[in-house]
Structures are given as C-alpha cells and as structure tokens.
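Enquirer: Input: one structure, supplied below.
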Amino acid sequence: MVRDYMLVVPLLEKYKKYLTWSYRTLGFFQTAGKFVFLFLLMILFNLYELAYYVPGVDELSSSQTYLNTYWFNLCLMAAGALVLTLLISLIYRLFGRRNRFNLINLLETSFPEFRTRLSTAYDNSQNINIVTKKLLEEVHSQLAAIKIRKIVPKNQIFRSFVVFLLFSGAVTFCIYEGFSFNISPNKLIGNLQDNLHNMNARAAYDESEDVVPDSRYRIEATIIKNGEQVEMEINPTMGLGFTSQIDADTEQRFNESSGRYNGNFKYSQTYSENLPEEYEPLIKQYFEELSSE
C-alpha cells in the first residue's frame, strides 16, 4: 500500500488537471469578450478606414469579387480586432506572470489552514525524513478532505460569458442594421488638416498686416520725412485733411467719381494751410486718380 505522504504530489496533479480546464474556460470567454468589444468599437467608429492607409488594401478591395464593399470592410475590422486581441494577450503573458494560474498559491489562499505548509511539503516531497514525512502525511489528509469544486471560478466564468453575449448581440445588431456613429478617422484627420491650414493662413495674414497699402485708392500709407518713415492714416471718404477750396471743373469730376464710393461724402472744413508739404504729392496723386476714372 502506497503510503499517504507519497500521494501528495499525485493528488495535487489531479486537482491541477481539474482546475486547469476551468481556468482555460474562463480565459476563453475573457479573450472572446475582448475580441467582440474591440470589434464593436471598430464598427461604431468606422475604423476600417485606417486599413486603407496600408498600401495595397485599396487595390485588394477593388479587385476581389467574393465580398461586397460592406462585408469586406467588416472583415478588415474583424481582422484588426483579432490582431489587437492577440497583442493584448501576448503583453499580458509577458508582463502578467504574477497573475498566472498557480495551484499551490490558489489552495493556500482559498484554504487558510494550509498557509505555507502546502508549499513547504511540495518543495520537500523528494526529501524524506522524519519531519517531512509527518508534514506530508498531515498535508495529504487535509488535501483529501477539501472540496475542490469550491474554488472553481464559476462566478467569473458566468460573468465573462454574459459579457461576451452582450457584446456579441451589440455587434450583430450593428452589422445587420448598418449602425455606426457619425465619426470616422477620415473626418477627424480632415478636421485636423483644416484647422492647421486655418492657423497657417491666419499666421501669414497677421505677418502681412505690418504695412498695408490703401488698396482702394492705391495710396501708400507711409511717407518719408527727413529720412525717416512716417505712418499716415488718410481715408478720403472720411473728409479728413482735404480742403474744400477747389475749382469748379475739379469739383465736378470729384463729385462724379466719389459718388461711386460714398454718396454721403462731405468736404472737411478742418483743412489747415499749414499741412506739411510732404502731403502735397499724395493729394495730387489722389486727385489724378479720381480725374482719370
């Protein structure tokens, strides 16, 4: 008859095999839930458009004859969701080692009476002496008495299954109803490009506002006096700085041409004969422009 202390490891292997299938089922539904969730996001936000930025996808879409454009785009999104799901699972395996299934840790956590005794007995299962023999016999009797079904993750499996069903139902609804949000990568990229274009145009406009010629009357807004540049603000339609003492012929031509710009034009009575002589070429240019029209 095989002694009890010799049965600790085989009993642990039996429990491990039983619980492994439970945790694999849990992992399957969790992974499937991630896939349908990512697939749903891609459908809602029309993320298939990102695939067409990959060279060759547009030609493949137009050349293949097995699927119409709608179902082809769905396949693109499903493939994208699958790749993301596998990538997330790979990262989880690489950096989530602490969360991996460990039978001894699980048993010691679920059954406080084991504490560190189970791990100590397992580590010394090949080192038989009086102390370890007694420890293994006690651990075996405790292992045989527990109900392993109590630590099966039934609630987690059920929740993962329900989440999977809900997301699957939402995906099915969106596919057959053609439902998605009015949001897409192309619109976001287009809006971003428009905003950048407007910002650049405004910056260029602000830089060109330093010295602006009077485009309406073709009179420069600056003059040179004593070797220095002097800014001027002259708007003939406001009647500032111009005399009303003009001859009849000039007045008639002035009235005919200025009527096209401002019917309410009035001559300024604030003209001073002490106006700087630098203004005379501008005044002359102004009246020559008016008389030539």
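Take 52 as the starting number for the sequence shown in my numbering and just add one per residue. Note that CB positions come from ideal geometry on N, CA and C, so glycine has one too. Quick caveat, the model's predicted, so the values are computed rather than measured.
For Q81, collect the residues of the same chain with a Cβ closer than 8 angstroms to its Cβ; drop the 5 residues on either side in sequence, then sort them by chain order.
Expert: On the sequence shown, residue 81 is found 30 positions in, with the first residue counted as 1. S211, listed in sequence order.
Enquirer: Taking 8 angstroms as the threshold (C-beta atoms), are L169 and I155 in contact?
Expert: Residue 155 sits at position 104 when you count from the first residue of the sequence shown. Residue 169 sits at position 118 when you count from the first residue of the sequence shown. Yes; because the gap between Cβ atoms is below 8 angstroms, this pair is in contact.
Enquirer: With three or more beta-carbon pairs closer than 8 angstroms as the criterion, would you say the region 121-131 touches the region 90-104?
Expert: yes
Enquirer: Could you spell out where the alpha helix (DSSP H) holding Y66 opens and where it closes?
Expert: Looking up residue 66 in the sequence shown gives position 15. Residues V59 to L95.
Enquirer: Whose C-beta lies closer than 6 angstroms to the C-beta of T183 among residues of the same chain, with five residues either side of it excluded?
Expert: Taking the sequence shown and counting its residues from 1, one reaches residue 183 at position 132. Cβ neighbours of T183 beyond the five flanking positions: N175.
Enquirer: Where does L169 sit, in a helix, a strand or coil, going by DSSP?
Expert: Position 118 of the sequence shown, counted from the start, is the residue given in the question as residue 169. Helix.
Enquirer: Express the C-alpha separation of Q207 and T76 in angstroms, rounding to a whole number.
Expert: The residue given as residue 76 occupies position 25 in the sequence shown. The residue given as residue 207 occupies position 156 in the sequence shown. For T76 and Q207, the distance between alpha carbons rounds to 10 angstroms.
Enquirer: Does DSSP put K335 in a helix, in a strand, or in coil?
Expert: Position 284 of the sequence shown, counting from 1, holds the residue named residue 335. DSSP places K335 in helix when its eight states are reduced to three.
Enquirer: Could you check what DSSP says for V213 in three-state terms: helix, strand or coil?
Expert: Taking the sequence shown and counting its residues from 1, one reaches residue 213 at position 162. Helix at V213.
Enquirer: Out of F338, M57, Y69 and Q336, state which residue places its alpha-carbon closest to the alpha-carbon of E201.
Expert: By one-based count along the sequence shown, residue 201 stands at place 150. A small correction: the amino acid at residue 201 is Lys; Glu does not occupy that position in the sequence shown. Here the closest residue by C-alpha is Y69.
Enquirer: Can we say the region 186-194 touches the region 58-66, given the rule of at least three CB pairs closer than 8 angstroms?
Expert: yes
Enquirer: Do K198 and T136 have their C-beta atoms within less than 8 angstroms of each other?
Expert: For the purposes of this step, residue 198 is identified with residue 147 of the sequence shown, where counting begins at 1. For the purposes of this step, residue 136 is identified with residue 85 of the sequence shown, where counting begins at 1. Not a contact, by the Cβ cut-off of 8 angstroms.
Enquirer: Less than 7 angstroms between C-beta atoms, sequence neighbours within five positions excluded: which residues of the same chain meet that for F162?
Expert: Within the sequence shown, numbered from 1, the residue matching residue 162 stands at position 111. For F162, where only same-chain residues beyond five positions count, the Cβ hits under 7 angstroms are I197.
Enquirer: Where does T120 sit, in a helix, a strand or coil, going by DSSP?
Expert: Indexing the sequence shown from 1 puts residue 120 at position 69. Looking at T120 - three-state DSSP - the assignment turns out to be helix.
Enquirer: As an exercise, report each continuous alpha helix (DSSP H) stretch of at least 4 residues that is fully enclosed by the region 184-253, in chain order.
Expert: 205-228
Enquirer: Taking only three categories from DSSP, how would you classify E159?
Expert: For the purposes of this step, residue 159 is identified with residue 108 of the sequence shown, where counting begins at 1. Helix, per DSSP.
Enquirer: How far does the alpha helix (DSSP H) with L101 in it extend, from its first residue to its last?
Expert: As a position in the sequence shown, residue 101 is number 50, starting the count at 1. Counting along the chain, L101 falls outside any alpha helix (DSSP H), and DSSP gives it neither H nor E.
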